[in-house]
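Chains A and B are the protein sequences, given in the same order. Going by my numbering, the residue at position 326 of the first sequence is 326; the numbering climbs one at a time, nothing skipped. Going by my numbering, the residue at position 4 of the second sequence is 4; the numbering climbs one at a time, nothing skipped. By construction, the Cβ of each residue, glycine as well, lies at the ideal position given by its N, Cα and C atoms. None of the values given here were measured: they were computed from a predicted structure. Inspection log for the structure reproduced underneath, given as structure tokens.
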Amino acid sequence: MRTFTYDQADSPAAAVKSVAPPRAKFIAGGTNLIDLMKLQVETPDRLVDISRLALTDIEDMDNGGLRIDALVPNSDLAADPRVIERYEVLSRALLAGASGQLRNKATTGGNLMQRTRCYYFTNTASPCNKREPGSGCGAIGGVNRILAILGTSDKCIATHPGDMPVAMRALDATIATLKADGTRRRVSIHDFYSLPDQTPEIETVLEHDELITHVELPPPPNGARQQYRKVRDRASYAFALVSVAGVVTVENGKITTAALAFGGLAPMPWRNTAMEQGLIGQAPSDALFEKAAEHLLAEARGQGANDFKIPLARRTLIACLRDLTGE
Amino acid sequence: MFGLGKSNDVTLTMDRPYAESLLDKGVQDVIGKPLSRVDGPRKVSGTATYAAEYQLANMAYGVLVSATIGKGKVVSIDVEAAKAFPGVIDVVVDFDTFALVSQQGGETAAPAQGVKGVEYFGQIIAIVVGETFEAARDAAEQIPVVYERETGVFDFSLEHQHEKKLPDNNTPAHSSQGDLDTAMREAAFTVDVIYTTPSQNSVAMEPHASIATWDDGALTVYGAYQMPTSDAQQLAKALGLSASKVRIISRFIGGGFGSKLGIAPESVAAALAAKKLGRPVKAVMLRHQVFEATVRRSNTSQRMRLAASANGTITGIGHETTASNLAEQDYFEPAGLSTHFLYAGENRLITHDLVRVNWLLSGSMRAPGEAVGLMGLEGAIDELAEKVGIDPIELRRRNEPPRDPEKKVPFSSRHLIEALDTGAEMFGWSKRQKPGQRREGEWLLGMGVAAAARANILMETSAKVAIGKDGSVTVSSAMTDIGTGSYTILSQVAAELLGVPMDRITMKLGDTNDVPAAGSGGSWGACSSGSAIYLACESLRGKLANALGVDAAALTLKDAQAIGDNRSVPIAELVGEGMEAVGTIKPGKQTKAVNQATYGAHFAEVAVNLVTGETRVRRMLGVFAAGRILNEKTARSQCLGGMAFGIGAALTEDMIHDSRTGQLVIRDLAEYYVPVNADVPQLQVVFLSERDIHANPIHAKGIGEVGICGAGAAIANAIFNASGIRVRDFPITLDKLLPHLPAF
Chain A
1 MRTFTYDQAD
11 SPAAAVKSVA
21 PPRAKFIAGG
31 TNLIDLMKLQ
41 VETPDRLVDI
51 SRLALTDIED
61 MDNGGLRIDA
71 LVPNSDLAAD
81 PRVIERYEVL
91 SRALLAGASG
101 QLRNKATTGG
111 NLMQRTRCYY
121 FTNTASPCNK
131 REPGSGCGAI
141 GGVNRILAIL
151 GTSDKCIATH
161 PGDMPVAMRA
171 LDATIATLKA
181 DGTRRRVSIH
191 DFYSLPDQTP
201 EIETVLEHDE
211 LITHVELPPP
221 PNGARQQYRK
231 VRDRASYAFA
241 LVSVAGVVTV
251 ENGKITTAAL
261 AFGGLAPMPW
271 RNTAMEQGLI
281 GQAPSDALFE
291 KAAEHLLAEA
301 RGQGANDFKI
311 PLARRTLIAC
321 LRDLTGE
Chain B
1 MFGLGKSNDV
11 TLTMDRPYAE
21 SLLDKGVQDV
31 IGKPLSRVDG
41 PRKVSGTATY
51 AAEYQLANMA
61 YGVLVSATIG
71 KGKVVSIDVE
81 AAKAFPGVID
91 VVVDFDTFAL
101 VSQQGGETAA
111 PAQGVKGVEY
121 FGQIIAIVVG
131 ETFEAARDAA
141 EQIPVVYERE
151 TGVFDFSLEH
161 QHEKKLPDNN
171 TPAHSSQGDL
181 DTAMREAAFT
191 VDVIYTTPSQ
201 NSVAMEPHAS
211 IATWDDGALT
221 VYGAYQMPTS
231 DAQQLAKALG
241 LSASKVRIIS
251 RFIGGGFGSK
261 LGIAPESVAA
271 ALAAKKLGRP
281 VKAVMLRHQV
291 FEATVRRSNT
301 SQRMRLAASA
311 NGTITGIGHE
321 TTASNLAEQD
331 YFEPAGLSTH
341 FLYAGENRLI
351 THDLVRVNWL
361 LSGSMRAPGE
371 AVGLMGLEGA
381 IDELAEKVGI
391 DPIELRRRNE
401 PPRDPEKKVP
411 FSSRHLIEAL
421 DTGAEMFGWS
431 KRQKPGQRRE
441 GEWLLGMGVA
451 AAARANILME
461 TSAKVAIGKD
471 GSVTVSSAMT
481 DIGTGSYTIL
491 SQVAAELLGV
501 PMDRITMKLG
511 DTNDVPAAGS
521 GGSWGACSSG
531 SAIYLACESL
541 RGKLANALGV
551 DAAALTLKDA
561 QAIGDNRSVP
571 IAELVGEGME
581 AVGTIKPGKQ
591 TKAVNQATYG
601 AHFAEVAVNL
611 VTGETRVRRM
621 LGVFAAGRIL
631 NEKTARSQCL
641 GGMAFGIGAA
651 LTEDMIHDSR
661 TGQLVIRDLA
671 EYYVPVNADV
681 PQLQVVFLSE
691 RDIHANPIHA
701 KGIGEVGICG
711 AGAAIANAIF
721 NASGIRVRDF
731 PITLDKLLPH
741 LPAF
């Protein structure tokens, strides 16, 4: 860990001003950042502690949605009765992540910003274009069983490690922010993450001084069934090899809404709306689900050790769709 | 009033059976009881002091510098640049003296030294010392090092097989009997398959740690060690000191599992830094350094061959194993250790070879040999049963040898078939169906069984037992408690034999200033130290009988009273100013006259997900016969821990090296998957009543490792029973099952 200065912000406005220096960073729960700082993967020279800001409420919105402040801990969000009742997929995704202790510390905003668990990213002895742009990618041609098959580039094949953001993507969340100049903006989660392409060091559209203040969830479709399924190497405290967040409605024997987001497959929580469109208006059937899986994975490219993610994703998606549309 | 010291000392060499144990005559009624750990309250309240927790005056903090190449040379280390960091006191570079690798357990020589040449990624090449840990770590991570890279061998390929014959370690490297090839040709049924197991790390919760402090040319190290007596000798040799100048203190150890048998590189580094600075220096390995630069269990490739007649009688067993290690390091994983004696069969071939790789040292990890060897052997036995078409327990019954099938000597005690039968009854084995038949929703269910066996070892060990004038008892020895319960069980032995309540016993362990001991490893700790204490107590009982004026055989000791000849006298009144005795046990002719091993049976029920290939263990049962059980609770905990290890070995644990660079890719607890609570279901442990008069005076056998031996194989066999898929490449991760799963 390198030395850094520490500032405790007493308001969001103060926080975004305090984080102005180019190597300053916000810290909330610290469950990811501190580990990376110990390894000198992250080397901020200033930490702006936002953990004491009054951003810890969960409120009903007029449109029937839910507004979740950025510092709501994962544990609290998962246990909120409104989340359990209306956004079951989110509660389940949260509880599938990390461990009880980590969920107590990890925050909603921080979890959206969790960084990849690629082995080469977390070891400073390896080249990594995300950690050190231009240094190369250790994972391509290396040990990549856990890494991505969709949305990769020749610069980076890292996976996004989160569970909560996958559910939020299926729920069409909006992320609200505040900048140092006082402007606020609302960004759809669909536009929030960036694919690596030639700049894997850029992971989101957030600007340096931009603070996530809250997340908004629109009301879920009436009568939608929700599921989060996480496939992993051990029963708990493991990152997803493949995960599926599904919100699907069936009326009169036809699929009327379908939102499916995927973890473990790509550098961001993945969603393919064209695939979803192919489901809508159709009667559920294995043939239809096979077609959806084909659509999802048409561009998938394995690196050898992670080739298995392609059939795994196919099978997991089909099983989820059966559950979401079955009797 | 009685002689102190030497006259009471007693040594026993196990040259013949020890027919009657005083432990069966004790009336204090503590031996075997499921007592909670005597050190438990200290551990849960944070007052048990572990190596890194000693606070010495003026102590400086050392952080080790890890090489970031897999093979080559260190050209230069920019010491001045590191010293410029705030809070950094010095950087100690001593290419000749630093330990290249950890030392193996029990060796009295120094570990290989010399670190200018880099033999593996993460090799420790220097130590940065600072006024704070943070300052030292910061500099250690940034210190500029120039390397000259060389081509290394970073993958395990039989092409790199070592040519020369290996020296024998705890099992002969090569042994054969009869003609296996002919047996295979003439057999009604054969199995000829290859099982592979990956490198594994012990991942003890406590990292390797040393605090070194010098006083007038003598070194004291507060360290995390399993075998302080030989570790002090290793450290002395490494530093060019006489052994009497090195004292090791290891009162509490946060898990060892083999990784702390010998000294690790941080100890030499801390000692050198403390000497140079003239201050105590603490060096605690970072977690990734524990993975990269201590010791791993070797990966193995095991060719299993079995030949059997039409009714399943085994006529040939072949277990040809290959492990890996650094060049010049001849330790090999003795994967065939139990194959020598577990099953009958005239034609036998058991070999051990090494592939030379530039990976960190391989050495002992919990149950070296059987832990991985039985994953091959017990998998192959299950395959043979499937081919012959009989129950795997029946197959084992038909091949139960009446005596050691190679050495032709009797077994000291062996209740393998009883363990299998008892377990089968308790587990509901009769409900097991043919492969792929049981289904519960998306889950395929199956049961598996495997034999457990672990060679029993006795090591030369001493213990001093003193009765103070107040009647209190102090036991002291350089023995250790690595979390296993030594403090408790050894107190129980002394309490039973001297007839005093447990709270009158003070157990002083983990200090080389006390009498030498073999420490903890190879499941020998309880038997070796328990026997040494037994001998000392027996000697003291003789003195007490004398004092009471009765024959030793007529003496009863209970609740701190000596009873005999219709008199009951407080023990305190018989000891004058106090009395003491040193007991020493030594292995003898019994080691070869009989075959000594602990046996058991593992049963596992697993669920394999039809969609994803995820395997989850539903329940496990282990039945063990390990001679006298000294404490039912700590013994059970040992077995539970071993079985959890078995789950990890079967399903998740895998130290992966990058074959391009030699870099250890999996190097922390977020990536190296040990089973977490949710992976460990209800585990049941049952002990069969047994005494082993051949093993030692306390009639116990080792129990620290048998829990892992065969556990992973039972799970793999259950996966086969659930899914019909036989995976021979551990760990059995879902990607290995997925291609073979049926449509769903």
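- TYR193(A) sits in a strand when the DSSP states are folded into three classes.
- With fewer than 16 other Cβ atoms from the protein chains shown falling within 10 Å of its own Cβ, THR13(B) counts as exposed.
- Closest in C-alpha terms to ARG667(B), from the list GLY522(B), GLY122(B) and ALA110(B), comes GLY122(B).
- MET184(B) places its beta carbon less than 9 Å from that of ALA307(B).
- Non-local C-beta neighbours of VAL706(B) in its own chain, meaning closer than 6 Å and more than five positions away in sequence, comprise ALA452, ARG454, THR598, GLY600 and PHE624, ordered along the chain.
- As the crow flies, the alpha-carbon of GLY316(B) is around 32 Å from that of ALA644(B).
- By alpha-carbon distance to PHE252(B), the top candidate from SER102(B), ASP551(B) and ASP39(B) is ASP39(B).
- Interface annotation, ASP78(B): not in contact with chain A, CB-CB separation never under 9 Å.
- The Cβ atoms of GLY530(B) and PHE720(B) do not sit closer than 9 Å to each other.
- Here CYS639(B) is not bridged, per DSSP, to any residue.
- Not flagged as an interface residue toward chain B: ASP209(A), since no C-beta distance is shorter than 9 Å.
- For GLN492(B) and TYR534(B), the gap between their C-alpha atoms comes out near 11 Å.
- Contact note: TYR195(B) does not reach chain A at a C-beta cutoff of 8 Å; the least C-beta distance is about 20 Å.
- Boundaries of the alpha helix (DSSP H) around MET375(B): 370 to 388.
- If the five residues before and after ALA450(B) are omitted, its C-beta is found closer than 7 Å to the C-beta atoms of LEU374, GLU378, HIS602, GLY710, ALA713, ALA714 and ASN717, all from its own chain and listed in chain order.
- For PHE720(B), the enclosing alpha helix (DSSP H) stretches over residues 711 to 723.
- For ASP60(A), the uninterrupted beta strand (DSSP E) segment begins and ends at 58 to 60.
- For ALA125(A), a Cβ of chain B is located within less than 9 Å of the residue's own Cβ.
- Residues of chain A whose Cβ lies closer than 8 Å to the Cβ of THR461(B) do not exist, since the nearest Cβ in that chain is about 39 Å away.
- DSSP, reduced to helix, strand and coil, places MET184(B) within a helical segment of the structure shown.
- Between the beta-carbon of ALA51(B) and that of PHE85(B) there is about 26 Å, and that puts the pair past the 8 Å contact cut.
- Taking a cut-off of 8 Å for Cβ pairs, the segment 276 to 286 of chain A and the segment 153 to 171 of chain A do not touch, as fewer than three such pairs fall below it.
- DSSP, read as helix, strand or coil, puts GLY622(B) in strand.
- Around the beta-carbon of ASP15(B), fewer than 16 other beta-carbon atoms lie within 10 Å, marking it exposed.
- At the C-beta level, SER176(B) and THR68(B) stay beyond 9 Å of one another.
- Contact annotation, MET655(B) with PHE291(B): C-beta distance approximately 7 Å; criterion of less than 8 Å satisfied.
- Within 8 Å of the CB of ARG616(B), the CB atoms of chain A belong to ALA235, in sequence order along the chain.
- In the three-state DSSP reduction, ILE489(B) falls in the helix class (H, G or I).
- Judged by DSSP secondary structure, MET227(B) falls outside any beta strand (DSSP E); it is assigned neither H nor E.
- Cα atoms of LEU548(B) and GLU580(B): separation of roughly 17 Å, rounded to the nearest angstrom.
- Taking 9 Å as the cut-off, the Cβ atoms of LEU235(B) and LEU219(B) count as close.
- For SER153(A), the secondary structure class from DSSP, reduced to helix, strand or coil, is strand.
- Bounds of the beta strand (DSSP E) holding PRO570(B) are 567 to 570.
- Within chain B, the C-beta atoms nearer than 9 Å to that of VAL231(A) come from ASN609, VAL611, THR612, GLY613, GLU614 and LEU734, in chain order.
- Using beta-carbon distances, PHE121(A) does not count as an interface residue toward chain B, since no partner is under 9 Å.
- In the DSSP assignment, MET507(B) falls within the unbroken beta strand (DSSP E) covering 505 to 508.
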